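The next block holds one structure in the form of structure tokens; read it before the comments.
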Amino acid sequence: MAAPPANESTKGVLEEDMEQTRKAWNDNPDGQEESAIQDAARPPGSAIPFHRLAPLLPVVSARILKASPEELDEIICLSLQEIFKVLGLERGVLLEVSQDLCKVVISYAWSGSGVEPVSSAINLAQTHPWTYNQLVVLGQAVIKYGVDSMPPNAVLDRQAFVHYGARSALAIPLFIGKRVRHIIAVHSIRTACVWPETFISSLRLLGEIFIGALARRDTLRSLQVNQARLDIAVESSGVALWEIDLASGHIWATDNTKELFYFQQDDIITVSLFLEKVHPEDRTLITDAIS
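Note that my numbering gives residue 450 to position 288 of the sequence shown, counting from 1, and the numbers run on in steps of one.
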């Protein structure tokens, strides 16, 4: 998924983050000489400022936490774009591994100006079988400094490396539980580089921030679907359900329950309000049950 045009609400979130991003870099003694988000490309042959990633992680994390489920895809794309532009890395992707492990496809991607993007139609399991085995089967990071970083029999992987013009590449498996569910990968095209351990750790953490947010959104959507199904079942059966939160004294109730006890649909129901609707002779039974 290429970075989409930012809508007005997302622009507001990003602009609000800009000052935090500048401060994160200015707090880094090695990063005071440059501004935060910049369009200027890293000069050919210059060193990649790997140290710039770690101070940005809290900013990205805060941005992700503030994003609504509807904004999340856009925020991830824009974060990839901003971070990799500043680092001077010409290509970055976040991939998703299918449940059966047979497909590894791109979920989010960014490529610099004039750089060929990786096709969203590729399946890493088929186009990069050696890399797939290292990442998904063995759960190991893959570091490439040229075709000779791969064994001679990794024919398809070597061909793809040459095709996409990378001089150095890094791919990191991201786990949910004991399984690899996502992969974050970057390419340096103009400069051959050695990936520092500190950068590898920071890039892994960046990927975990992204997939943690995606997992939370998936959970929320599943809960919403289950709630919708429950609402349909309750509505069709006419059952009246309610539940007391003993800590707050608030009562959750279905629409049927609210109608039965003459509450408005948007009423906030407390135990005391509920007891007012109960026949006086039955109130003791309820208070004894919940005390």
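Ideal Cβ positions, reconstructed from N, Cα and C, are used throughout, including at glycine. From a predicted model like this one, the values you see are computed outputs, not experimental measurements.
Return the CA-CA distance between residue i and residue j, expressed in angstroms with no decimal places.
{"i": "Y294", "j": "L286", "result": "6 angstroms"}
{"i": "D429", "j": "I210", "result": "58 angstroms"}
{"i": "K340", "j": "G301", "result": "9 angstroms"}
{"i": "S213", "j": "E232", "result": "Reading the sequence as shown, one finds His at residue 213 and not Ser. Using only the alpha carbons, I get a separation of about 32 angstroms."}
{"i": "S260", "j": "I284", "result": "13 angstroms"}
{"i": "C288", "j": "E405", "result": "Note on residue identity: the sequence assigns Gln, not Cys, to residue 288. When rounded, the distance between both Cα atoms is 51 angstroms."}
{"i": "V298", "j": "W292", "result": "10 angstroms"}
{"i": "R366", "j": "L332", "result": "11 angstroms"}
{"i": "A402", "j": "L219", "result": "47 angstroms"}
{"i": "G308", "j": "D235", "result": "32 angstroms"}
{"i": "Q427", "j": "E443", "result": "26 angstroms"}
{"i": "E244", "j": "L227", "result": "17 angstroms"}
{"i": "E262", "j": "I338", "result": "It should be noted that the sequence gives Asp, not Glu, for residue 262. One C-alpha to the other measures close to 14 angstroms."}
{"i": "V248", "j": "R343", "result": "27 angstroms"}
{"i": "F372", "j": "L392", "result": "30 angstroms"}
{"i": "I334", "j": "V267", "result": "15 angstroms"}
{"i": "S230", "j": "P217", "result": "24 angstroms"}
{"i": "Y424", "j": "V440", "result": "11 angstroms"}
{"i": "S241", "j": "S273", "result": "13 angstroms"}
{"i": "A203", "j": "S384", "result": "Confidence at A203 is low in this model, with a pLDDT of 44, below 50, so the placement of that residue is unreliable and no value is reported for it."}
{"i": "I448", "j": "A395", "result": "26 angstroms"}
{"i": "L382", "j": "R445", "result": "37 angstroms"}
{"i": "L215", "j": "P314", "result": "34 angstroms"}
{"i": "R352", "j": "G374", "result": "32 angstroms"}
{"i": "S350", "j": "S330", "result": "5 angstroms"}
{"i": "S223", "j": "A303", "result": "23 angstroms"}
{"i": "A271", "j": "Q389", "result": "33 angstroms"}
{"i": "A451", "j": "G400", "result": "24 angstroms"}
{"i": "C355", "j": "C264", "result": "31 angstroms"}
{"i": "A322", "j": "H290", "result": "7 angstroms"}
{"i": "S269", "j": "K420", "result": "43 angstroms"}
{"i": "I305", "j": "Q386", "result": "40 angstroms"}
{"i": "Q194", "j": "A409", "result": "Residue placement at Q194 is poorly supported in this model, since its pLDDT is 38, which falls under 50; the coordinates are not used for a value here."}
{"i": "D407", "j": "I431", "result": "11 angstroms"}
{"i": "S453", "j": "D417", "result": "25 angstroms"}
{"i": "I345", "j": "S363", "result": "14 angstroms"}
{"i": "M312", "j": "P358", "result": "20 angstroms"}
{"i": "S398", "j": "C239", "result": "42 angstroms"}
Which residue or residues does DSSP assign as beta-bridge partners of residue i?
{"i": "H412", "result": "D407 and T432"}
{"i": "L256", "result": "Y270 and I346"}
Start and end of the alpha helix (DSSP H) containing residue i?
{"i": "V517", "result": "Residue 517 lies beyond the residue range present for the chain, which begins at 163 and ends at 453; the question has no answer from this structure."}
{"i": "K420", "result": "D417 to L422"}
{"i": "A451", "result": "P442 to I452"}
Where does the unbroken beta strand (DSSP E) through residue i begin, and where does it stop?
{"i": "L227", "result": "Run containing L227: none in the beta strand (DSSP E); it sits in the alpha helix (DSSP H), L215 to K228."}
Any beta carbon from chain B within less than 7 angstroms of residue i's own beta carbon?
{"i": "T416", "result": "The question asks about chain B, but that chain is absent: this structure has only one protein chain."}
Legend entry - Given 8 angstroms, three or more beta-carbon pairs between the segment 270-287 and the segment 240-258: yes
- Query: Which parts of the segment 328-410 are runs of the alpha helix (DSSP H), unbroken and 4 residues or longer, counting only runs that do not cross its ends?
  - Reply: 359-399
Evaluate the contact criterion for the segment 426-446 versus the segment 406-416: three or more CB pairs, one atom per stretch, below 8 angstroms.
-> yes
* To do: Can you check the segment 263-330 for any beta strand (DSSP E) of at least 3 residues that lies completely inside it and give the ranges in chain order?
  => 266-273 and 304-306
Stretch-stretch touch, CB-based, cutoff 8 angstroms, three pairs: the segment 368-378 with the segment 321-330
no
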